[in-house]
Structure formats: structure tokens, C-alpha cells
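Shown next, in C-alpha cells, is the structure this report addresses.
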Amino acid sequence: MLDIKFVRENPEIVKQNIKNKFQDHKLPLVDEVIELDAENREIKQEVQGLRANRNKMSKQIGALMGQGKKEEAEEVKKQVTSFADRIEELSEKEKEVEEKIRQIMMTIPNIIDPSVPIGKDDSENVEVEKYGDPMVPDFEIPYHTDIMERFDGIDLDSARKVAGNGFYYLMGDVARLHSAVISYARDFMIGRGFTYCVPPFMIRSNVVTGVMSFDEMDAMMYKIEGEDLYLIGTSEHSMIGKFIDTTLEEESLPKTLTSYSPCFRKEKGAHGIEERGVYRIHQFEKQEMIVVCKPEESKEWYDKLWQNTVDLFRSLDIPVRTLECCSGDLADLKVKSVDVEAWSPRQKKYFEVGSCSNLGDAQARRLRIRIKGEKGNYFAHTLNNTVVAPPRMLIAFLENNLQADGSVRIPEVLRPYMGGMEAMVPSK
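Given below as C-alpha cells:
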């Protein structure tokens, strides 16, 4: 969410940013919110004047009564009462106007970083760099669920009976591999200086609207009926929410946390053939990382965060690339974002396995996360990044480590989490 003062003083910058994000339908909101802001300031000014006059005249009442001028005192009382009525009326109007301003300001997108490429959607995202050599073996690589079934590692039919489409049972060595990846990712991030955390898996609506746009909320979140609670779509939501209504000392920053959680998502829309199996699902587990820092440090942390994910995947012998998200692919709160994509030898292309985002002070402004500085308080910057989400990561892992005999090689760094196992051997 932008500062209303910035919008008031820089309307053309805000409008151009909206155009860059191909959201022209939001352009009228800029003029509308500026008009509402002017009305709000006029209301505040009138209320201030009325209160000053009311206080002044209230003092006159006692003096007039002391002088025996009862009739004059009564007239002044009537004026004071009329001032009070007008103040009450204006105060109600002020609340209405400020709520309209808040709603619009939460809809106007954040100002994107100048380095972000301009494009309409994810088809115009820009490759930044590749890490590792993408290989295609000389034997056929089956679809990921077919690989899992060779290990008796997945049961989609039972999951459909129990919960419907978009759910799964992981079994045996595949389930163990899933947990091993999560545990390895946890220790990997602890080794990089992050504090491990298991957060709440449900959050209140004021946290939801603090961490994401209304469009994202509608597309992603499951609401608990009858309660002011939502299931988290990613632990970033509750991790950033941890700092709601706090003022942090400068010397305590940055806050660097890595968290484990299940994640729950509606995943609306049509799903293609490559998105069946465990690629696009309603429930999964994830290791996340978040940073709360001073504004001048957020660009440096942004580069550190996505590099962590690249390094983790490369330690598991999975080739990856980074993809700069274009303006039209950025969610409204984001300043800059990069996707990490893993190589799929079966598809002979990369696919998304994580996303790193710098949100500037947008979430901090909504959640009132401030930093106490020598020259006064100011809003923090927040960042988040996927360490690893095993369902998609398992696809990349199985395809890149599949051997010609059907076994799956376990990279050395993961073996301690798999009981020393060097390879998974199929039962079929």
C-alpha cells in the first residue's frame, strides 16, 4: 500500500505504474482517492476549527454566569451544543471517507522497481541466468506419478475418495523422501543463519489483507466458516504477520526466519495435463524464508534470498534457472520478483519451483511494522522466498536423479536424512 502523500504529490508516477502493470481499469482510482483525500483534510480542518471555538466559548459560559448574565450564557451554550453536533456529524463523515480511501489505497498497486521488465503476463518474463547443465538422458523418463507408482509411493485414487481432486497420499520411500527434503532444507537455512520457526497455520482476516492483495486472497485462501480465520496459503503470511503492530529497534534488524508449514490453496482455474499429479494441488508442505529489514538493505537481501534456493537445488544436483518476473506478472504488493525454475528432463524445459519477492514497505505499511530510528520511526521492508516445496520439488528430484534401471539416486547431502540410503529401488 502506497503512502497517500506520495499519491497526492506524484499522481502521474502512480498512473504510469498502473499502465506498466496493464491495469488501466484502475487509473480512475488515482483521481478518486486524491479527491477523497482533499475532502478528508477539509473535514479535519473544519473539525479542528469547531473544537477550538467550542473550547473558547465553553470558557465564556462560566464567566457570563459569574457576571449574572444567564441569558447570554444560555445562548452561548446553544452555540456550543450546535458545534458539538456538527463535530459529531463530521466525525462520522470522516470515518466514511477514510474507509473509502483505505479501500482504494489497498487496490492501487505498489510502485515496481525500475529494473523490472515491462510485460503483460508470465509469457514475457525474462531469463536471468542458468545454473547447472540441463541434461536429457538416453532413456525415457516417465511422468512423475508413474515414477512414484513404481515405488508404491503415491495413492491418488484413495485421496480422491477421501478429499477429492487435488490431494494425494504419499507412501513408503517417496513419503520419506518428501520429509527428508523438508528436513534438509530446514537445516540448510539454519546453516545460513536463519532462525527456525513453526508458525500458526491459520491467520485472521486483518493479517490476510495485510500480506496480500484482495485478488490474491480470493484466488488462494480457504476461510474457516463462522470464524475470523483463514488457512494459510504459505507460511510467509503468518511469519510476516508475527510482526503486526510492532516497532523494531534498528539494531535488532534484520529479522531472518525460516519456517515450516503445510499450505492450503484453492488453485482456481483450468489445469493442463502437466499440472495433474502433485504439480498443482490444494494441500502441500513447504519450507519458507522471510526477512524484515531496513529499506536500504532490502535489495541486498533480495539477491541473497533467491541465491539460497539456487544453492539448495544445486546441492541436490538439480539444474535451475532464474526468471525475472515482468510488470504484468507481479502481484500488486510486489516491488520486484524472481522465479526459480527447475529443469525437467522429461519435458525438456524448466518449470517453477519457487518465487522470491521484495515487497518494499507495502506489507509493513498495512500491518504497521515500524523501525525505531534516531530521526523517528519509519516502515520496514519485507521479503519472502520459497526454500523448497517438496511436491513440485519431488518432480524435479525424481526426474533428474532417475537412473536407467529405474532406481533413483540419492545425492550425498540427503543421505543422512534417508537413513544412509544411496538409492531408492523400485518395487515394480
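Numbering (my numbering) for the sequence shown: 336 to 763. For each residue, glycine too, the CB sits at the ideal point set by N, CA and C.
Strictly by DSSP, which residues pair up with residue i?
i    : result
Q622 : Y595 and V723
T530 : L592
E584 : K707
H617 : Its beta-bridge partners do not exist; DSSP assigns none.
F714 : R705
K558 : Y565
Y504 : D490
N693 : K671 and L718
C628 : H716
S662 : Beta-bridge pairing links S662 to no other residue.
E484 : Partner(s): none; E484 has no beta bridge.
K465 : R656
S633 : Paired residues: none, contrary to the question.
S679 : K684
V743 : L737 and M759
I538 : Y565
If contacts are defined as beta-carbon pairs under 8 Å, then residue i and residue j qualify, I think. What distance do you get, rounded to the angstrom?
i    : j    : result
E734 : S679 : 6 Å
I447 : N352 : 6 Å
V673 : W641 : 5 Å
C661 : V461 : 7 Å
L651 : F732 : 6 Å
R701 : T544 : 7 Å
V722 : Y466 : Rounded, the Cβ-Cβ distance is 16 Å, inconsistent with contact.
V613 : P726 : 4 Å
G526 : L505 : The pair is not a contact, with the Cβ atoms about 26 Å apart (cut-off 8 Å).
S450 : V415 : At roughly 59 Å, the Cβ-Cβ gap does not stay under 8 Å, so S450 and V415 are not in contact.
Do you know how far the Cα of residue j is from the Cα of residue i?
i    : j    : result
T665 : F357 : In the sequence as presented, Thr is not what sits at residue 665; that position holds Leu. Spanning the two alpha carbons is a distance of roughly 11 Å.
F341 : K710 : 20 Å
P589 : G708 : 14 Å
V626 : D372 : 33 Å
K671 : L362 : 21 Å
M336 : L399 : 52 Å
K413 : R705 : 45 Å
E602 : Y503 : 15 Å
F648 : L749 : 11 Å
I436 : A724 : 37 Å
I439 : I339 : 10 Å
E433 : G576 : 23 Å
H360 : I443 : 11 Å
R495 : L566 : 21 Å
V497 : H617 : 13 Å
P534 : F686 : 28 Å
V743 : A758 : 5 Å
I608 : R615 : Caution is warranted here: a pLDDT of 48 is assigned to I608, below 50, making its placement in the model unreliable, and no coordinate value can be reported.
M756 : L512 : 10 Å
K763 : G741 : 9 Å
L694 : V546 : 9 Å
E367 : D457 : 30 Å
T591 : I348 : 32 Å
D696 : E560 : 31 Å
P346 : K455 : 22 Å
G663 : E459 : 9 Å
Y478 : S493 : 19 Å
Could you say which of the options lies nearest to residue i if we only look at CA atoms?
i    : options                   : result
L737 : P346, D473 and N712       : D473
S633 : S692, K601 and D646       : S692
N719 : G561, A699, P726 and Y713 : A699
K760 : A408, K405, E484 and D563 : Inspection of the sequence shows that residue 760 is occupied by Val rather than by Lys. V760 has its Cα closest to that of E484, out of A408, K405, E484 and D563.
M624 : A520, K558, P630 and F578 : A520
E464 : G755, F714 and D638       : D638
E586 : M537, A715 and M470       : A715
M470 : P746, M524, A677 and E747 : A677
Q380 : I348, E429, E410 and K394 : E429
F523 : N643, P449, D580 and E551 : N643
S594 : I517, P449 and D667       : I517
E423 : Q383, Q395, I538 and I396 : Q383
K621 : D696, L729 and A697       : L729
V509 : K405, T591, D490 and V451 : D490
V688 : V675, R681, I369 and E406 : V675
M537 : T717, K558, E551 and G528 : K558
V551 : L668, S450 and G528       : Checking the displayed sequence, the identity of residue 551 turns out to be Glu instead of Val. Taking only the C-alpha atoms, the option nearest E551 is L668.
D468 : I653, R703 and Y713       : I653
V365 : M441, E407 and L425       : M441
F486 : G501, N500, D492 and G507 : G507
E631 : T717, I579, S548 and F549 : T717
V411 : L425, Q402, G401 and I396 : I396
L385 : S426, K405 and K404       : S426
Y713 : E584, G754 and M753       : E584
F378 : E431, K404, E406 and G403 : The identity of residue 378 in the sequence shown is Ile, whereas the question assumes Phe. If we check each option's Cα against that of I378, E431 comes out closest.
F578 : R703, F619, R681 and D646 : R703
Considering only heavy atoms of the ligand ADP, does any lie closer than 7 Å to the CB of residue i?
i    : result
D338 : The ligand ADP is absent from the structure shown, which contains no ligand whatsoever.
_Does the contact criterion of 3 or more C-beta pairs under 8 Å hold for the segment 590 to 598 versus the segment 566 to 581?_
Contact check between the segment 590 to 598 and the segment 566 to 581: three or more CB pairs, one atom from each, fall below 8 Å, which counts as touching.
*Count the C-beta pairs between the segment 382 to 390 and the segment 419 to 430 that are closer than 8 Å, then say yes if the count reaches three, no if not.*
With a cut-off of 8 Å, the segment 419 to 430 and the segment 382 to 390 count as touching, because enough Cβ pairs lie within range.
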